[in-house]
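A.B. asks: The sequence shown maps to residues 3 to 678 in our numbering. Handing you a structure now.
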Amino acid sequence: MSRVIRFLPPLFRLLLITAFAGFAVLAMLRGVFWFVFRSVSAEAPAVEILQALYLGLKFDLRLALWLCLPLLALGWIPWLSPVRHRHVRLAWLGYFVLAQAAVLFLYFVDFGHYAYLHQRLNVTLLDHLSPLSVAAQMAWETYPVLWGLVGLILCSAAYAWVLRRLAWNRVDAAASPISSRVRRAMLASGFVALFALGLYGKWSWYPLRWSDAYFTNHEAVAALALNPVLFLWDTLDGKGERYDEKIVREHYPEVASLLGVTQPDARTLNFGRHVPARAGAPRRPMNLVVIHLESFAAYRTGVFGNRLNPTPNFDALTREGTLFTNFFVPAVPTARSVFTMLTGIPDYNGVRTASRNPMIVNQHTLINALPGHDRYYFLGGSATWGNVRGILSHNIHRLRVFEEGHYAAERADAWGVTDLDLFEAAHRQLADSKKPFFAFIQTSGNHRPYTIPENNRRGFEWAAVDDRSLRDNSFESLAAYNGIRYFDHALGHFFSLARRSPYFENTVFVLYGDHGNPSVKDIPYERIGLTGVHVPFLVYAPGLNRQGRRIETVASLVDLLPTSLSLMSVPYRNQTMGRDLFAARPAREQFALIPDGLLDNEFLYRDGPGGKPRLYRYRSSDPAQDVHERYPDMVRELKRRRAALYETARYLLYHNPPSPVDGVSPVTDRPTVAGR
Numbered sequence: 003m004s005r006v007i008r009f010l011p012p013l014f015r016l017l018l019i020t021a022f023a024g025f026a027v028l029a030m031l032r033g034v035f036w037f038v039f040r041s042v043s044a045e046a047p048a049v050e051i052l053q054a055l056y057l058g059l060k061f062d063l064r065l066a067l068w069l070c071l072p073l074l075a076l077g078w079i080p081w082l083s084p085v086r087h088r089h090v091r092l093a094w095l096g097y098f099v100l101a102q103a104a105v106l107f108l109y110f111v112d113f114g115h116y117a118y119l120h121q122r123l124n125v126t127l128l129d130h131l132s133p134l135s136v137a138a139q140m141a142w143e144t145y146p147v148l149w150g151l152v153g154l155i156l157c158s159a160a161y162a163w164v165l166r167r168l169a170w171n172r173v174d175a176a177a178s179p180i181s182s183r184v185r186r187a188m189l190a191s192g193f194v195a196l197f198a199l200g201l202y203g204k205w206s207w208y209p210l211r212w213s214d215a216y217f218t219n220h221e222a223v224a225a226l227a228l229n230p231v232l233f234l235w236d237t238l239d240g241k242g243e244r245y246d247e248k249i250v251r252e253h254y255p256e257v258a259s260l261l262g263v264t265q266p267d268a269r270t271l272n273f274g275r276h277v278p279a280r281a282g283a284p285r286r287p288m289n290l291v292v293i294h295l296e297s298f299a300a301y302r303t304g305v306f307g308n309r310l311n312p313t314p315n316f317d318a319l320t321r322e323g324t325l326f327t328n329f330f331v332p333a334v335p336t337a338r339s340v341f342t343m344l345t346g347i348p349d350y351n352g353v354r355t356a357s358r359n360p361m362i363v364n365q366h367t368l369i370n371a372l373p374g375h376d377r378y379y380f381l382g383g384s385a386t387w388g389n390v391r392g393i394l395s396h397n398i399h400r401l402r403v404f405e406e407g408h409y410a411a412e413r414a415d416a417w418g419v420t421d422l423d424l425f426e427a428a429h430r431q432l433a434d435s436k437k438p439f440f441a442f443i444q445t446s447g448n449h450r451p452y453t454i455p456e457n458n459r460r461g462f463e464w465a466a467v468d469d470r471s472l473r474d475n476s477f478e479s480l481a482a483y484n485g486i487r488y489f490d491h492a493l494g495h496f497f498s499l500a501r502r503s504p505y506f507e508n509t510v511f512v513l514y515g516d517h518g519n520p521s522v523k524d525i526p527y528e529r530i531g532l533t534g535v536h537v538p539f540l541v542y543a544p545g546l547n548r549q550g551r552r553i554e555t556v557a558s559l560v561d562l563l564p565t566s567l568s569l570m571s572v573p574y575r576n577q578t579m580g581r582d583l584f585a586a587r588p589a590r591e592q593f594a595l596i597p598d599g600l601l602d603n604e605f606l607y608r609d610g611p612g613g614k615p616r617l618y619r620y621r622s623s624d625p626a627q628d629v630h631e632r633y634p635d636m637v638r639e640l641k642r643r644r645a646a647l648y649e650t651a652r653y654l655l656y657h658n659p660p661s662p663v664d665g666v667s668p669v670t671d672r673p674t675v676a677g678r
């Protein structure tokens, strides 16, 4: 190893030894953290502990390399070179010692933070620092501050001594041991590539992210994998995306009534309620398959009137199931819909999607109410996309993730394998299941670049349509038209396989569009901003009801899991905004929250520019006509209700604690409120 180091140019030697020294310090701190808090994770499997340590070391390497990045970027400049000038060398050494001292200080704070709250260092630290005088007094009276400062100084001095001894006193400004310019360039390129790979953290399509630490349901194991400095930085971006609790409390009685809270408590803001099993439970537990239909706008389907007949297979399913014709997603894009479906909370996290916010990774989901079910997630690409792995794997107990690398088929494009290959792989797994199961199948092919393979199409034929017909039916291109046709073909292929399998009759299939698309044609829903949120929602339960029907009442994606579990006669605890769509309720209690607006069964209210309201009778013969001046009372009511529901949704993002046990949560309407 020493020969390899001597072979490197002086600047690379400094970088390599400095990065290794920093990494070694962080690795030792990780070991100390595990030793001190090992009792917290004592019940976790050893394999999870080892995986957490492995991931944690990769995070530690990333931090060590981040600290070295300025030297890599600037050290080759002559007047900033530590190799050429002694005083510059001392300045760089000072930078590394101060940087390491800052890291050590944050680690000291992290240890105290975790001992107190069992949370790694995050943005809530800023809340604890206000007012500063009180925070300083509390720290002084609680922690050994003086001994900590002494320890920090001694550790920083020891680190400086080690760096000078190993590298910084041995910098040789002589010529590089490699004389050839070509070889030096190749060596430099290889060194930079390895450096970049260490920062990236993974040999995959997506980089190492904080969500990778949440591969398990054990909170303590996830904490062991995190790096507190990087995690603090990741969570800083979420500051300012919080809710307005004053509005939540003001409107709590109304919202609690709308959601069916049986024991309302305005003091604790209790939204929890236990939903018992519906009478007439099936003789055996049923399976649940949720199919996520990528970019599946209602106006682009045949069942909603598209004359190009792009979705014959989906349309056929609607004739045997229950289709909700006025179904809306609360937000766009895909990551927001996945989070909303899973949690029953509209993703109004702010600029970033909720799945990308480390502060709300812990969520309650009704999927855990399915007793003894196997749980599967199928995605053609990488589950690291949008950080959905952390949300899914951390909150769904015993979830098995199938993603790129699990399929025999080759990757088709940026989104992974084709939907045909995805459905076939999902079917094989479901057909082999020995227990009842829940499966979430997330398609992605109906999306640019609309890849359709040349071979193995399973009978699909490309269709040729003239530009005028495409535009008249709101398709921007022939590729988009054939993209939805190919997806629909894959869906039909899946159900043709499922019908021949034993699990078919005992399964509830629910299919929803994750969001829509803007229309290239000037249709009324495009003018009032509904094409992106109006999607099909189909409940298809062959063993329960084969007679097709349509339900016109307004509905929302938050209602998907409550509706599914109620149909399956599964009891569950609900503590968010979803409700059973098959339960009878007055018309005034039916609503769907969308970005900047709210729908009831007749009207769409939107917050207009400059605070000017807009009101549309979206189901009338003239849905794009603004009628807010004719219905001032309706404007006031929907505006007030929209504000109440919107702020409640943002509040629940931070107050939806996960179930303490697998299966049905304890039957109580007293919430376990997360820390504020």
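Every residue, glycine too, gets a C-beta built ideally from N, C-alpha and C.
What is the DSSP secondary structure of Gly58, reduced to helix, strand or coil?
C.D. replies: Locating residue 58 in the sequence shown gives position 56, where the first residue counts as 1. In the structure shown, Gly58 sits in a helix (DSSP, three-state: H, G or I).
A.B. asks: Taking Cβ to Cβ, would you say Ala299 is nearer than 8 Å to Gly515?
C.D. replies: If you number the sequence shown from 1, residue 299 lands on position 297. If you number the sequence shown from 1, residue 515 lands on position 513. Cβ distance < 8 Å, so Ala299 and Gly515 count as in contact.
A.B. asks: For Phe442 and Phe497, I'd like the C-alpha separation in whole angstroms.
C.D. replies: The residue you call residue 442 lines up with position 440 of the sequence shown. The residue you call residue 497 lines up with position 495 of the sequence shown. Between Phe442 and Phe497, the C-alpha separation is close to 15 Å.
A.B. asks: Hey, quick one: how far does the alpha helix (DSSP H) through Val38 stretch, first residue to last?
C.D. replies: Numbered from 1 along the sequence shown, position 36 holds the residue referred to as residue 38. Note, Val38: alpha helix (DSSP H), 12-38.
A.B. asks: Quick check for students: name the residue ranges of the beta strand (DSSP E) that lie wholly in the stretch 509-591, counting only runs of 3 or more.
C.D. replies: Here the runs fully enclosed are 509-515, 536-542, 551-553, 574-576.
A.B. asks: Using the Cβ count rule (16 or more neighbours within 10 Å means buried), how would you classify Asn458?
C.D. replies: By 1-based counting over the sequence shown, the position of residue 458 is 456. Label assigned to Asn458: exposed.
A.B. asks: Go through its chain and collect everything with a Cβ distance to Ser357's Cβ below 6 Å, but skip five positions before and after it.
C.D. replies: Numbered from 1 along the sequence shown, position 355 holds the residue referred to as residue 357. Excluding residues within five positions, the ones whose Cβ falls inside 6 Å are Ala337, Phe341, Gly388, Asn389, Val390, Ile393.
A.B. asks: Does the stretch 489-508 come close enough to the stretch 323-338 that 3 or more CB-CB pairs lie under 8 Å?
C.D. replies: Cβ pair count under 8 Å is below three, so no.
A.B. asks: So if DSSP puts Phe273 in a beta bridge, which residue, or which two residues, is it bridged to?
C.D. replies: Position 271 of the sequence shown, counting from 1, holds the residue named residue 273. Per DSSP, none; premise fails for Phe273.
A.B. asks: Drop a sphere of 10 angstroms on the beta-carbon of Glu591, count the other beta-carbons inside from all chains shown, and report buried for 16 or more, exposed for fewer.
C.D. replies: As a working mapping, residue 591 is identified with position 589 in the sequence shown. When all chains shown are included, Glu591 counts as exposed.
A.B. asks: Tell me whether the beta-carbon of Ser571 lies closer than 8 Å to the beta-carbon of Gly282.
C.D. replies: Position 569 of the sequence shown, counted from the start, is the residue given in the question as residue 571. Position 280 of the sequence shown, counted from the start, is the residue given in the question as residue 282. Yes.
A.B. asks: Mind checking whether Ile249 and Ala645 have CB atoms under 8 Å apart?
C.D. replies: By 1-based counting over the sequence shown, the position of residue 249 is 247. By 1-based counting over the sequence shown, the position of residue 645 is 643. Yes; because the gap between Cβ atoms is below 8 Å, this pair is in contact.
A.B. asks: Note the first and the last residue of the continuous beta strand (DSSP E) segment covering Gly599.
C.D. replies: Here the question's residue 599 lines up with position 597 in the sequence shown. Looking at the DSSP string, the run of the beta strand (DSSP E) that includes Gly599 is 599-601.
A.B. asks: To test your reading of the DSSP string, which unbroken beta strand (DSSP E) runs of 3 or more residues are found completely within the stretch 287-330?
C.D. replies: Within the stretch 287-330, the complete beta strand (DSSP E) runs of at least 3 residues are 289-295, 324-330.
A.B. asks: Is the beta carbon of Gly518 less than 8 Å from the beta carbon of Val541?
C.D. replies: The residue given as residue 518 occupies position 516 in the sequence shown. The residue given as residue 541 occupies position 539 in the sequence shown. Their beta carbons are not under 8 Å apart, which means Gly518 does not touch Val541 by this criterion.
A.B. asks: What three-state label does DSSP hand Asp267 in the structure shown?
C.D. replies: Here residue 267 refers to the residue found at position 265 of the sequence shown. It is coil, neither helix nor strand.
A.B. asks: Over the uninterrupted alpha helix (DSSP H) stretch that includes Ile486, give me the two end residues.
C.D. replies: On the sequence shown, residue 486 is found 484 positions in, with the first residue counted as 1. First-last of the alpha helix (DSSP H) with Ile486: 480-500.
A.B. asks: Would you kindly check if the distance between the Cβ of Gly447 and the Cβ of Gly485 is under 8 Å?
C.D. replies: As a first step, residue 485 must be located in the sequence shown, where it is residue number 483. As a first step, residue 447 must be located in the sequence shown, where it is residue number 445. Yes, they are a contact pair.
A.B. asks: Under DSSP, the beta strand (DSSP E) around Leu2 begins and ends at which residues?
C.D. replies: Lying before the first or after the last residue shown, residue 2 is absent from the chain, which here runs from 3 to 678.
A.B. asks: So, under 8 Å CB-CB, Leu226 and Trp36 are touching, yes? Tell me the CB distance rounded to an integer number of Å.
C.D. replies: One-based indexing of the sequence shown puts residue 226 at position 224. One-based indexing of the sequence shown puts residue 36 at position 34. Rounded, the Cβ-Cβ distance is 6 Å, consistent with contact.
A.B. asks: Are the CB atoms of Asn359 and Asn370 within a distance shorter than 8 Å?
C.D. replies: For the purposes of this step, residue 370 is taken as the residue at position 368 of the sequence shown. For the purposes of this step, residue 359 is taken as the residue at position 357 of the sequence shown. Against a cut-off of 8 Å, the Cβ pair of Asn359 and Asn370 comes out as no contact.
A.B. asks: Taking DSSP's pairing of strands, which residues face Asp376 in a bridge?
C.D. replies: Along the sequence shown, read from residue 1 onward, the residue named residue 376 stands at position 374. Answer is Phe439.
A.B. asks: Of the choices Ala26, Asn124, Leu310, whose alpha-carbon is the least far from that of Asn475?
C.D. replies: Along the sequence shown, one-based indexing puts residue 475 at 473. The candidate whose alpha carbon is nearest that of Asn475 is Leu310.
A.B. asks: Please classify Ser384: does DSSP put it in a helix, a strand, or coil?
C.D. replies: Counting from one through the sequence shown, the residue named residue 384 turns up at place 382. DSSP places Ser384 in coil when its eight states are reduced to three.
A.B. asks: If you drop the 5 nearest sequence neighbours on each side, which residues of the same chain put their C-beta closer than 6 Å to that of Gly203?
C.D. replies: For the purposes of this step, residue 203 is taken as the residue at position 201 of the sequence shown. These residues qualify, in order along the chain: Lys60, Arg64, Pro209, Leu210.
A.B. asks: Could you have a look at Val629 and say whether DSSP puts it in helix, strand or coil?
C.D. replies: Numbered from its first residue, the sequence shown carries residue 629 at position 627. Coil at Val629, not helix or strand.
A.B. asks: If contacts are defined as beta-carbon pairs under 8 Å, then His429 and Ala500 qualify, I think. What distance do you get, rounded to the angstrom?
C.D. replies: Within the sequence shown, residue 429 is the residue found at index 427, counting from 1. Within the sequence shown, residue 500 is the residue found at index 498, counting from 1. At roughly 6 Å, the Cβ-Cβ gap stays under 8 Å, so His429 and Ala500 are in contact.
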